[in-house]
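Reading through the structure tokens given below for one structure.
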Amino acid sequence: MINALGLLKRRRFLPLFTTQFLGAFNDNLFKTAMVLFATYEIFADEKAESFFNALAAALFILPFFLLSALAGQIADTTDKAKIIRLVKVWEIVIMLVGGAGLLLARTGAVTAPLVLMLTAVTMLGVHSTFFGPIKYAILPQHLDEDDVLGGTGLVEAGTYLSILLGTILAGFIYRSTLIVVGTTLVVALLGLLTARAVPPAPRLGPPLVLDWNPFRASWRLINATMHIPRLFLAIVAISFFWTIGSVLIIVFPPLVKNVLTSDAGVASLVLAIFSIGVAIGSVVINLLLKGAISARYAPASVIAMGAAVLAFHFVVNLWTPAPVGQLYTVWTFLAHPHAALVLVTLLFVAIFGGMFVVPLYAFLTTTVAKDETARTVAANNVVNAGAMTLGSVAVAGASAAGVTTGQLLLIVVGMCLVSALLAQKLHRACD
């Protein structure tokens, strides 16, 4: 196996990596800027903030549930590079819609801007639904088998580093809507340019007759995939992980504002630390496994993740709030005696999460024939989307019922234990 970083020198990998990097950066720049703008500029109530964040998360996930089966079919019967370029054109349209919402919000309007912003989030979900199967399914087609885990790890690490950059930048510029709109449009155009350099990845198997019924197609796709024990366990374990992740991402902005009593810069910092951690975990697990596709470290990784979430919960409870009517800035937050503990525990939550999930994606793309990989990833996305939607709805309902963000963190700890049991079964089934 060549050194994983050496893949970045290959034309069969670098354009895809760059396109994914720019796309994830843009998605998270817009979504984070939107959430921060709504949390700090529009709403003034913790329940309303949590509900809006949960609604945005649910709308982003919904297209995965409805359209993943179609996306997988199209990706397995069409040149994947061609689809990537079409998806990047769609991204430019999305940023125009979202930008219109942000600009309109500056006029003092509320309903119309929120509708436009949430529409853009839903469109981003469609964008990611069609790109998601390709970014993993194209790797076995462009890389040697013993480089697939390294390529998967680099894609994950690059994704989370781009999330980091987009999140940090959003924290600085979310109030400057013109800058947000201009930046997202420029990045979308750059993504289209890099997408044009992705080498062809034509259909390998026989052509498919597309099933346009989303519910029937999803059922058939899942039924054709989930009967394979290792795939079933990998998909269910990944679904639990992303449900955990969706709960945490929904919880973070209100927790930062109302529990840590800190401003949007700190919310951006917290999301950035989480992204750094997942990127580190993606690299660490690749080094530990040395290219082998194995779940041997998955149970311990997710148990450690649960322990880190529990530690984060206790550290947050020790927090001394800012004086009434004030919020900590990034610098006053970092000067707080418990700030280091908050950031370190959060970093370890993300590191162990990255170590858990990366090998599971490698299972998806190497267990089936190359002409079925996109549909396999799509089946995973359908199940993930269903689980994450339930998680988002549950958070919205729990918030409306008065459940605190701290209590939601304890629920996440329990979910980590369930994920550990699934990972242990996968390890026994495959290793």
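Numbering of the sequence shown is given in the numbering used here, commencing with residue 5 and proceeding in unit increments. We put the CB at the ideal spot given by N, CA and C, even for glycine.
By alpha-carbon distance to Thr163, the top candidate from Leu106, Gly27, Thr265 is Gly27. Contact fails between the segment 163 to 173 and the segment 287 to 303, because fewer than three Cβ pairs, one in each stretch, are under 8 Å apart. Put simply, the segment 24 to 40 does not touch the segment 347 to 362. Fewer than three CB pairs are less than 8 Å apart. Nearest C-alpha to Leu173 among Ile65, Val270, Gly390: Val270. Within the same chain, Thr349 come within 7 Å of Ala315 by CB-CB distance, once the 5 residues on both sides are set aside. Residue burial annotation: Asn227 is exposed, with fewer than 16 other C-beta atoms found within 10 angstroms of its C-beta.
Under the three-state reduction of DSSP output, Tyr301 falls in the coil class, being neither helix nor strand. Counting only residues of its own chain and dropping the five nearest sequence neighbours on each side, Ala283 has a CB closer than 6 Å to the CB of Ala161, Tyr164, Leu165. Residue pairing by DSSP places Ser266 opposite Tyr332 in a beta bridge. Distances from the alpha-carbon of Val191 to those of Lys261, Ile242, Val97, Ala109 put Val97 closest. Short of 7 Å from the beta carbon of Ala238, and not among the five residues preceding or following it, lie these beta carbons of its own chain, in chain order: Leu364, Phe367, Leu368, Leu430.
Across the set Leu108, Pro218, Ala398, Leu273, the C-alpha of Leu273 shows the shortest separation from the C-alpha of Phe176. Here Asn57 carries a helix assignment [DSSP, helix/strand/coil]. Contact check for Leu59 and Ala400: beta-carbon distance about 7 Å, within the 8 Å limit, so the pair qualifies. Taking all protein chains shown into account, Gly357 has 16 or more neighbouring C-beta atoms within 10 Å of its C-beta and is therefore buried. Look at Arg179 here: in three-state DSSP terms it is coil, with no helix or strand label. About 13 Å separates the Cβ atoms of Gly76 and Ala389, ruling out a contact at the 8 Å cut-off. One Cα belongs to Trp323, the other to Val263, and the distance between them is close to 8 Å. Comparing alpha-carbon positions, the option among Lys261, Val255, Leu107 lying closest to Gly186 turns out to be Leu107.
Remark: C-beta atoms of Val387 and Ser243 approach each other more closely than 8 Å. For Val202, there is no enclosing alpha helix (DSSP H), as DSSP marks it with neither H nor E. Distances from the alpha-carbon of Lys84 to those of Ala104, Leu425, Ala141, Ala221 put Ala141 closest.
Nearest Cα to Phe69 within the set Ala344, Ile254, Pro341, Ala221: Ala221.
No Cβ-Cβ contact shorter than 8 Å links Ile88 with Ile78.
CA-to-CA, the gap between Ala124 and Leu425 works out to about 37 Å. Around the CB of Asn321, fewer than 16 other CB atoms lie within 10 Å, so the residue is classed as exposed.
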